[in-house]
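This report concerns only the one structure given below.
Number of protein chains: 2
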Amino acid sequence: MDAGETAVETIQREMTAFARRARASAGRMHPELSLVSYTLLGHLEESGGCRATDLAAHYALDKSTVSRQVSALERAGLVERRQDPEDHRVQVLDLTEAGRRILAQVTVRRRAAVRERLTDWPQEDLERFAGYLVRYNGGSAAAPPGDD
Amino acid sequence: MDAGETAVETIQREMTAFARRARASAGRMHPELSLVSYTLLGHLEESGGCRATDLAAHYALDKSTVSRQVSALERAGLVERRQDPEDHRVQVLDLTEAGRRILAQVTVRRRAAVRERLTDWPQEDLERFAGYLVRYNGGSAAAPPGDD
DNA sequence: ACTGGTGGTTGCATAGTACAACTCGATGCG
DNA sequence: CGCATCGAGTTGTACTATGCAACCACCAGT
Chain E
0 MDAGETAVET IQREMTAFAR RARASAGRMH PELSLVSYTL LGHLEESGGC RATDLAAHYA
60 LDKSTVSRQV SALERAGLVE RRQDPEDHRV QVLDLTEAGR RILAQVTVRR RAAVRERLTD
120 WPQEDLERFA GYLVRYNGGS AAAPPGDD
Chain Y
0 MDAGETAVET IQREMTAFAR RARASAGRMH PELSLVSYTL LGHLEESGGC RATDLAAHYA
60 LDKSTVSRQV SALERAGLVE RRQDPEDHRV QVLDLTEAGR RILAQVTVRR RAAVRERLTD
120 WPQEDLERFA GYLVRYNGGS AAAPPGDD
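Sequences listed follow chains E and Y, in order. Per numbering that gives the first Met the number 0, the very first residue in the first sequence carries number 0; after that it's consecutive. Per numbering that gives the first Met the number 0, the very first residue in the second sequence carries number 0; after that it's consecutive.
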C-alpha cells in the first residue's frame, strides 16, 4: 500500500471512530438538546428561518423525522412555526428567544469541549485542520463555515 | 472572535456535521453491517479477539448493548464466542472467516467512499489531515468531544 | 375542474441505546 | 469450608431517532 492509500485508510478509520463516538454519546452531554436538534437549531439560526423541507434536504433526513423533531422543539418552546402567507402549505420555522439562548449555551459548551482537545495545537494547525474538514465535508470549500 | 476561536468554531461545526451525516447515512451504505457492528468487528480484528466487556469499555457502550450487538453478529455468523478456560464467566470473541470477509468488503467500500471525497487532494494534505485526525481523536480517550 | 406536484403529519416498523434486575462463576475472608 | 462480594454477561423494559408508506392540504398548470 502506498502512502496515499495509507493516509486514506487512516482518514477513513479516524472519521469512523469519530462518528461512532459521537453517536454513542450524542445524548449524554446535552440532555436538553440532542445532536440532531442542535444541528437543526443551528441551521435555523444561520439561515434566519426556513421550511421543514429545507432542513430535511439539507441534512438528508426524512421529512417525517424532521416533522417530529420540529414538533418536539416546538413543544419545548425553542422554535416557532409561522404560516407562510404566500403559500399555506408552508410553515416557516424560526428560533424563539429561548431557542436562541439554549443554542448559544450548548454551542459554548460544545466549543469548550472541542477546544479542550485542541489545546497545545499551534494556530497554523488549527486553521489547516479546520480547512481540511470544511473541504472534506462539503466539497463545500466555498460554503461558509458552519454552513451545515 | 479571534482567529483561534474561529478555527475552533469551524472544527466543532464540521465535526458535528460529519457525525450527523455519518449517522444519517450509516445504515444506507452498508445494509448488512451497521456502523456500530462495523467498528466492533474492526476492533475484534485489530485486537485479535477480546471480551464483550472490553468492547463496552472501549466504545463507552453499555454492556447490554454490546451483548445484543454481539448476539446479532453471532447469529449472522460473523463472530464466534469461545469460553475462556481460565475463567468460565468470560467469553472470548473472535471473527469468523465470514466476519473477516465482510469486514474486508465493507472496509473497501468505505475507503472507496472516503477516497472519493479526497480526489484531487495533494499527498501532503492527505497526510496532514490524517495526522490531525489521529491527534484529535487520540488524546480523546477520556473526554471525546464528539463524544459528547 | 381535474391532475400532478409539493409541504407536512401520522401510523407502523426497526435499530440502537441505557438502566435495572438477574444468573452464574470467581475470589476473598473469617 | 461457607458466605459475601465482585465481575461478566443476559434479559426485560423503555425511550429516541429513523425511514417508509399512506394520507391530507394546498398550489399550479392545463
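For each residue, glycine too, the CB sits at the ideal point set by N, CA and C.
Close beta carbons around residue i, own chain, < 7 Å, minus the five adjacent residues each side
i               : result
V105 of chain Y : H29, L32, Y37
L43 of chain Y  : C49, V78, L92, D93, L94
G76 of chain Y  : T95, A97
G19 of chain E  : For the record, residue 19 of chain E in the displayed sequence is Arg; it is not Gly. Answer for R19 of chain E: no residue qualifies.
D119 of chain Y : none
Residue i, DSSP secondary structure in three states
i               : result
D83 of chain Y  : strand
R12 of chain Y  : helix
D124 of chain Y : helix
T38 of chain E  : helix
A59 of chain Y  : coil
A140 of chain Y : Reliability of the predicted coordinates at A140 of chain Y is poor, the pLDDT of 40 falling under 50, and the value obtained from them is presented with this limitation in mind. Of the three classes helix, strand and coil, the one that applies to A140 of chain Y here is helix, per DSSP.
L117 of chain Y : coil
L72 of chain Y  : helix
L77 of chain Y  : coil
E96 of chain Y  : helix
E31 of chain E  : coil
Residues that DSSP places opposite residue i in a beta bridge
i              : result
Q90 of chain Y : Y:Q82
R50 of chain Y : Y:V91
Residues near residue i by beta carbon distance below 8 Å, same chain, minus five either side
i               : result
D61 of chain Y  : A55
Q149 of chain E : As displayed, chain E neither begins before 0 nor continues past 147, which places residue 149 of chain E out of reach and without an answer.
S66 of chain Y  : A51
I148 of chain Y : Not covered by the structure: residue 148 of chain Y. The range shown for chain Y is 0 to 147.
L72 of chain E  : S36, L39, L40, V78, G98
A103 of chain E : none
A21 of chain E  : L34
R74 of chain E  : none
V69 of chain E  : L39, A51, L54, V78, R80, L92
S46 of chain Y  : D53
Task: Cβ contact check for the region 113-121 of chain E and the region 10-23 of chain Y: 3 or more pairs under 8 Å - done: Because the criterion of three Cβ pairs below 8 Å is met, the region 113-121 of chain E and the region 10-23 of chain Y touch.
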